[in-house]
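Contents: one structure, followed by commentary.
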């Protein structure tokens with residue numbers, strides 16, 4: 018579903034950051050927790066008709082619907098490439114960028130998000146309020162915890178807050194959505210793009226799964242794409258297909274208007290449908306009553322934070338603190354292995370009111386347990402070869418075999434439980450000791 | 002030889018005076034590369050991010066032929 022954008026060869030040398038797959042994509046089918054929530058519906062025969070509308074209806078470029086507080090300015094998503102600067106002032110972004118500086122702010126003045134009222138949008142509006150109502154209801158319900166905050170994030174970036182609805186089509190606001198090509202999170206970032214926008218993605222931590230951080234990254238990415246293409250439909254198309262793909266379509270068609278590109282064969286159907294789907298869901302978001310939807314606004318799950326040592330195992334910690342593992346993991350979705358990263362402390366989120374219990378649970382750690390038998394004892398044991406320092410790829414069974422003892426013994430001597438992991442650097446007692454009974 | 006150059010977004014400011022809609026027709030020496038044209042327009046080296054020649058991705062070292070269409074986009078700022 019997601020087409021990776023292949024970068025020009027010369028860019029690969031220029032910057033690791035740019036050697037990124039630039040694709041973040043809508044996920045079709047693969048994301049939902051069940052078949053009941055496909056994110057894009059297979060188009061029936063009339064879908065094609067909807068995309069090949071005849072004549073003037075299709076040429077209506079964009080039509081501003083009532084925008085409420087956002088609607089002070091009319092911004093058409095036509096062919097202008099540089100965002101209009103109020104009062105003809107010079108484009109600060111251009112100036113800053115011309116200096117080659119990496120900047121983290123952009124003064125985009127286009128606060129409005131114009132929704133096109135054209136046959137494609139109408140097609141999805143009909144579908145979302147008709148045959149796909151259940152799916153959209155699910156998205157809307159799921160958005161309750163995130164939408165308000167996401168709108169805030171966009172507003173704080175100086176962007177139209179209705180861009181938040183992009184996540185509705187990306188993932189149905191599912192923060193742990195995973196596509197089959199590896200796009201992850203509510204905003205369906207590919208790893209390389211996520212890193213370019215400041216998200217940590219490695220074997221321990223995946224911030225694409227953090228609703229807030231990934232929204233901030235998505236806002237920055239959409240801001241950049243707007244600056245590149247000059248309209249939100251094109252920016253969103255590039256968010257879906259990658260900017261090279263959109264640049265190529267612009268070049269081939271000679272048009273800088275998304276709706277014109279959408280009639281060409283240079284964008285894939287997924288991308289052609291992505292933008293009208295967002296517009297349709299934005300219309301629903303503007304007037305939920307009119308379309309029979311109800312948007313709730315729930316507080317994000319609240320949490321307290323606590324600094325924990327490196328390599329803290331959430332399962333073990335939750336067990337010791339008498340908390341549900343699922344709860345602790347849900348509060349820390351970015352810890353993909355259920356263990357905090359090695360090497361440095363980590364700020365862990367724990368349920369409100371449970372901080373003290375977690376602090377208490379942190380005290381008896383396994384390393385300490387081994388050490389309680391006495392430093393001298395441990396030193397003596399090490400000298401006598403009774404302690405094994407775990408190296409990478411070691412397993413308990415391998416260690417037991419190596420020292421000619423049973424796995425059960427190793428487990429017992431080291432007070433390990435079956436779900437415990439051993440990690441490089443751990444010291445395991447591998448022989449019977451006088452202090453062990 | 003004459004080539005068509007289309008600059009996008011923040012690169013538009015590098016178009017010669019009198020250009021319209023981000024497009025300029027430029028007379029450049031035969032055998033000029035895309036990078037030569039960018040330099041001629043005063044675009045700092047490496048500032049272009051997506052480079053297309055006749056609608057296909059290309060490297061800056063690619064030589065242009067008369068009538069070629071060169072599209073240049075700036076890089077993304079990143080996070």
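Protein chains in written order, with this note's numbering: chain H, 18 to 454; chain A, 2 to 80.
Where a beta carbon is used, it is the ideal one built from N, C-alpha and C, also for glycine.
Going along chain H, which residues have a C-beta under 8 Å from residue i?
| i | result |
| --- | --- |
| residue 32/A | Near residue 32/A there are no residues of chain H at all, since even the closest Cβ is about 19 Å away, more than 8 Å. |
Nearest chain A C-beta to residue i closer than 8 Å, yes or no?
| i | result |
| --- | --- |
| residue 456/H | Only positions 18 to 454 of chain H appear in the structure, and residue 456/H is not among them; the question remains open. |
| residue 117/H | In this prediction, residue 117/H scores a pLDDT of 35, lower than 50, which makes its location untrustworthy; the coordinate-derived value is nonetheless stated afterwards. Chain A, which has a Cβ nearer than 8 Å to the Cβ of residue 117/H, makes this yes. |
| residue 387/H | Reliability fails at residue 387/H, whose pLDDT of 46 lies under 50, so the model's placement of it is uncertain and no value is given. |
| residue 135/H | no |
| residue 30/H | Only weak support is given to the placement of residue 30/H: the predicted model assigns it a pLDDT of 37, under 50, and the value that follows is read from those uncertain coordinates. By this cut-off, residue 30/H is not an interface position. |
| residue 38/H | Annotation note: pLDDT 33 at residue 38/H (below 50); position unreliable, coordinate value reported separately. False, the Cβ-Cβ gap to chain A never drops below 8 Å. |
| residue 27/H | Bear in mind that the predicted position of residue 27/H carries a pLDDT of just 41, short of 50, making it too unreliable to give a figure here. |
| residue 443/H | no |
| residue 174/H | no |
Could you tell me whether the Cβ of residue i comes closer than 8 Å to any Cβ of chain H?
| i | result |
| --- | --- |
| residue 56/A | yes |
| residue 66/A | no |
| residue 72/A | yes |
| residue 6/A | no |
| residue 2/A | no |
| residue 39/A | no |
| residue 18/A | no |
| residue 42/A | no |
List the residues of chain A that residue i touches, going by C-beta distances under 7 Å, in chain order.
| i | result |
| --- | --- |
| residue 409/H | Correct list: empty, because the minimum Cβ distance to chain A is about 32 Å. |
| residue 222/H | Within chain A, no residue comes near residue 222/H; the closest Cβ sits about 16 Å away, beyond 7 Å. |
Assuming residue i and residue j are in contact, meaning their beta carbons sit under 8 Å apart, how far apart are those beta carbons, in whole angstroms?
| i | j | result |
| --- | --- | --- |
| residue 353/H | residue 221/H | 7 Å |
| residue 365/H | residue 349/H | 6 Å |
| residue 61/A | residue 36/A | 4 Å |
| residue 362/H | residue 324/H | 5 Å |
| residue 321/H | residue 372/H | 5 Å |
| residue 211/H | residue 184/H | About 14 Å separates the two Cβ atoms, so there is no contact after all. |
| residue 53/A | residue 268/H | 5 Å |
| residue 29/A | residue 40/A | That belief does not hold up - the Cβ atoms of residue 29/A and residue 40/A are roughly 10 Å apart, past 8 Å. |
| residue 346/H | residue 331/H | 6 Å |
| residue 417/H | residue 427/H | 5 Å |
| residue 213/H | residue 224/H | With 8 Å as the limit, residue 213/H and residue 224/H do not qualify as a contact, their Cβ atoms being about 13 Å apart. |
| residue 6/A | residue 261/H | With a Cβ gap of about 18 Å, residue 6/A and residue 261/H do not count as contacting. |
| residue 243/H | residue 252/H | 4 Å |
| residue 75/A | residue 16/A | So it is not a contact: roughly 13 Å between Cβ atoms. |
| residue 72/A | residue 264/H | 6 Å |
| residue 245/H | residue 10/A | 5 Å |
| residue 278/H | residue 297/H | In fact, because the Cβ distance is near 18 Å, the residues do not count as touching under 8 Å. |
Which residues in chain H have a C-beta closer than 7 Å to the C-beta of residue i? List them in chain order.
| i | result |
| --- | --- |
| residue 25/A | Ordered by position in chain H, no residue passes the 7 Å Cβ test against residue 25/A, which lies about 14 Å from the chain. |
| residue 53/A | 264, 265 and 268 |
Fully enclosed by the stretch 158-191 of chain H, which alpha helix (DSSP H) runs are 4 residues long or longer? 164-173 and 183-188
At a Cβ cut of 7 Å, what residues of the stretch 248-275 of chain H count as close to chain A, listed as they run along the chain? 260, 261, 264, 265, 268 and 269
For the stretch 232-244 of chain H, which residues have a CB atom closer than 7 Å to at least one CB atom of chain A, in sequence order? 234, 237, 241 and 244
My parser needs the alpha helix (DSSP H) runs of 4 or more residues fully inside the stretch 279-363 of chain H; what are they? 286-303, 305-308, 331-338 and 342-348
Within the stretch 25-61 of chain A, ranges of the beta strand (DSSP E) (whole runs, at least 3 residues): 51-54
Whole alpha helix (DSSP H) elements within the stretch 399-437 of chain H, 4-residue minimum: 413-420 and 424-430
Runs of 4 residues minimum, wholly inside the stretch 193-253 of chain H: which ones carry the alpha helix (DSSP H) assignment? 208-213 and 228-246
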